[in-house]
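In mature numbering (1 follows the signal peptide of the UniProt record, and there is no 0), the protein residues as written are -23 to -1, 1 to 523.
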C-alpha cells in the first residue's frame, strides 16, 4: 500500500473514522483521493469512476458485511483494504486471501464459520467408465454400473446434506447485525503499532468510540472495556515530563479521562435545556407529561438549584454552584431512579479556554453531516464536518453545537408528540410509529443518524411510559418521509430496550424477507442493514398494478 502512494483511494461512510487514516497517509506522504459515500449506490458509482485510475482502495466503515467482489466486479489486479465496524463480516471477504484485506483487531471475536463448513472445492468431473468389449461378462458390467449409481447417489445425498447444513450455519451467522470495535480505534491501534500515533489521532479514536456509545451501537461492557484501553494511551500521551517541547503540546491540546454527567451538551447549553433534551433524563422523568414537569421541578429543588441559575448558560452559572454540581446532581438523581447519570468519558482542552466532552464532538459533527440546509454540492456537509474535527476550526465546531441543540430539541418534541397522541402502536411482534408529512421538523428525520436517534429515544421513552409489560419487550419500526416528490419512505428497525440487550439487530434480514414475500418495491441502500427505503402505499399499489 505504501509502495504505490499514487494508487490510493479512500472511500468511506462516516466522518469520525477517517482522520486517523488521513493522518497516517500524511505521515508517509501518501497521495490519495478522498471520495465520501453514504450508501451502496454511491459506492458503486465511485468505484466505476475511479477503477481505471487506481488499483488500491481503502474502504472505511463500509464494505465488510457484503460480498464486495460480487457487487463491484473488480479486475483481478484491484485490491481492497477494509476497515469497517459493521458485523457480521461477509464470509467471502474473510476467506479471500488475494483481493480483500480486512483491518480488524486480533482480539475481536468474529465468530466466523469454518471454511470447510461453508465452502467446497468444485469436484472434478467424473470420468465415465466406458464399457469396452474386453471379453468380460455382461454381468460384470451390470455390477460395476450399479455400484457407480449407488456411489453417485450417495455423493448427491451428502452434497444435499452439506448444503442444508451450510444454509443453517450461514443463517445463524448472518441473521443479526451488530458492531465491532470502532474503525477509528482500529486505525489508531495500527498507528500505535507503527509508532506513528499522535494525540490528535488518539482524540479521534475517542470520538469514534463515543459515537458508537451515543448511537447505542455497542454494549455498556464493550464501551467500558474500550474506554480502559484508550485511558492507558491518554495517560501515555498527556502525562509526560515537563520539558519545554512537550509542555507546549500539552498547553495546546490536552486530553483527560473523567467521570462526567450523562447530559447532552450541558457545558455549552443551560442545565435546564440539557435535562429536558437528554433522552435518559427526559424518559426517566417523563417530561412530556404535566406530572413529569413537576418531577423535574422537584428534582431541581432537591439539588437546591434556583431556576434562575439552571436556565442561564452553564458558563454563566455561579462558580460556587458549579464546583460541586456533579456530586449534587448525582446524589439527587439516585433518589429519582436515575442511577446511571454518571458515565466514563474523556474531555479535551484547547489551550485554557475551550473544553469539550467527546459526546459534544459527536453531536456537533453528526449535526453538520446531516444539516438540511443546502449550501452547494452534497459533499459540502461532509467537508464542514471534517473541518470541525480540526482544532484550528473551532468556529465550525460551535456551528455544529448550535445545530445539535436544534436537533435534540426537535427529537424531544417529536417524542413527546408521538407519545401524547398515541402514535406508537403495537403490531403484534413489534411496535410501529410513522411520521406523516407536515410533522414539525420531519425533513430532519429523513436523515439516517437523526432518524436512528429519534427511534432509540422514542423507544426508551415509550418503555418508561407504558404499563403494558409485553410492549416493554418489543422492538420498534419507525418510518419517516424521505422524498415527498418520489413518495419514498425511510424505515429503521430498533431492537428491544432491555438492560441485558446485546445490541444485535435482526431487522436487516427481516426487511429483506418481508420485501421478498410481499413483492414490495424496496431499496436496501444503507450500510446499516436495519435501514430500508420503500415507497408509500399509494406508490406501491401503482407499481404493483404496472
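Just so you know, even glycine gets a beta-carbon here, dropped at the ideal spot from N, CA and C. In this text the structure is predicted, and so the values were computed from the model without any measurement.
Asked: Just verifying my parser: in three-state terms, what is the DSSP assignment at residue 64?; Found: strand
Asked: To which residues of the same chain is residue 521 closer than 6 Å at the C-beta, ignoring the five residues directly before and after it?; Found: Confidence is the limiting factor: at residue 521 the pLDDT is only 31, short of 50, which leaves the residue's position unreliable and the question unanswerable from this model.
Asked: Classify residue 391 as helix, strand or coil using the three-state DSSP reduction.; Found: helix
Asked: Measure the alpha-carbon distance for residue 151 versus residue 140 and round it to whole angstroms.; Found: 16 Å
Asked: In three-state DSSP terms, what is residue 321?; Found: strand
Asked: Do three or more CB pairs link the segment 442 to 458 to the segment 422 to 430 at distances below 8 Å?; Found: yes
Asked: Quick one: give me the first and last residue of the beta strand (DSSP E) that residue 509 is part of.; Found: 508 to 512
Asked: On the DSSP letters alone, give me the boundaries of the alpha helix (DSSP H) that residue 254 sits inside.; Found: 248 to 254
Asked: Identify the continuous alpha helix (DSSP H) that holds residue 331 and give its terminal residues.; Found: Looking at the DSSP string, residue 331 is not in any alpha helix (DSSP H); the run it does join, the beta strand (DSSP E), is 331 to 334.
Asked: If you reduce the DSSP assignment to three classes, tell me which class residue 231 lands in.; Found: strand
Asked: Within the same chain, show all residues whose beta-carbon is closer than 8 Å to that of residue 236, passing over the 5 residues directly before and after it, in chain order.; Found: 303, 319, 320, 321 and 322
Asked: Leaving aside the five residues before and after residue 485 along the sequence, list all residues of the same chain whose C-beta is less than 6 Å from its C-beta, in chain order.; Found: 154, 506 and 507
Asked: Closest by CA to residue 438, which one among 258, 13, 35 and 54?; Found: 258
Asked: Apart from the five residues on each side of it in sequence, which residues of its chain come closer than 6 Å, Cβ to Cβ, to residue 544?; Found: With the chain running from -23 to 523 in the structure shown, residue 544 is simply not present.
Asked: Just the C-alpha distance for residue 254 and residue 386, rounded to the nearest angstrom, thanks.; Found: 6 Å
Asked: Excluding the five sequence neighbours on either side, which residues of its own chain have a C-beta within less than 6 Å of the C-beta of residue 106, listed in chain order?; Found: Bear in mind that a pLDDT of 40 at residue 106, under 50, signals an unreliable position, so the number given afterwards is only what the model happens to contain. Answer for residue 106: no residue qualifies.
Asked: Would residue 33 be called buried (16 or more neighbouring beta carbons within 10 Å of its own) or exposed?; Found: buried
Asked: Can you tell which of 168, 446, 480 and 370 has the C-alpha that lies nearest to the C-alpha of residue 403?; Found: 446
Asked: Throw me the rounded Cβ distance for the residue 186 and residue 214 pair, which I believe falls under 8 Å.; Found: With a Cβ gap of about 16 Å, residue 186 and residue 214 do not count as contacting.
Asked: Can the beta-carbon of residue 361 be found less than 7 Å from the beta-carbon of residue 373?; Found: yes
Asked: Helix, strand or coil for residue 6? Go by DSSP, reduced to three states.; Found: coil
Asked: In three-state terms, what does DSSP make of residue 195?; Found: coil
Asked: Looking only at DSSP bridge pairs, what is residue 470 linked to?; Found: 454
Asked: Round the Cβ separation of residue 62 and residue 205 to the nearest angstrom and send it over; I've been treating them as touching at under 8 Å.; Found: Residue 62 to residue 205, Cβ: 18 Å. No contact.
Asked: May I have the straight-line CA-CA distance separating residue 288 from residue 274, to the nearest angstrom?; Found: 12 Å
Asked: Could you say which of 80, 349, 397 and 408 lies nearest to residue 420 if we only look at CA atoms?; Found: 349
Asked: Rounding to the nearest angstrom, what Cα-Cα distance links residue 295 and residue 285 in this structure?; Found: 11 Å
Asked: By a C-beta neighbour count over all protein chains shown, 10 Å radius and 16 as the cutoff for buried, is residue 244 buried or exposed?; Found: buried
Asked: In whole angstroms, what is the alpha-carbon distance linking residue 388 and residue 27?; Found: 39 Å
Asked: For the beta strand (DSSP E) holding residue 263, just list the boundary residues, first then last.; Found: Careful: residue 263 lies outside any beta strand (DSSP E) and carries neither H nor E.
Asked: How long is the line joining the alpha carbons of residue 91 and residue 66, rounded to whole angstroms?; Found: 14 Å
Asked: Per DSSP, what kind of secondary structure is residue 382 in: helix, strand or coil?; Found: helix
Asked: Where does the unbroken beta strand (DSSP E) through residue 367 begin, and where does it stop?; Found: Unbroken run through residue 367: none, as it is neither H nor E.
Asked: Are the beta-carbon atoms belonging to residue 14 and residue 44 less than 7 Å from one another?; Found: no
Asked: Tell me the DSSP secondary structure of residue 349 in three-state form.; Found: coil
Asked: Quick one: measure Cβ to Cβ for residue 232 and residue 211, integer angstroms, because I've assumed they're closer than 8 Å.; Found: 5 Å
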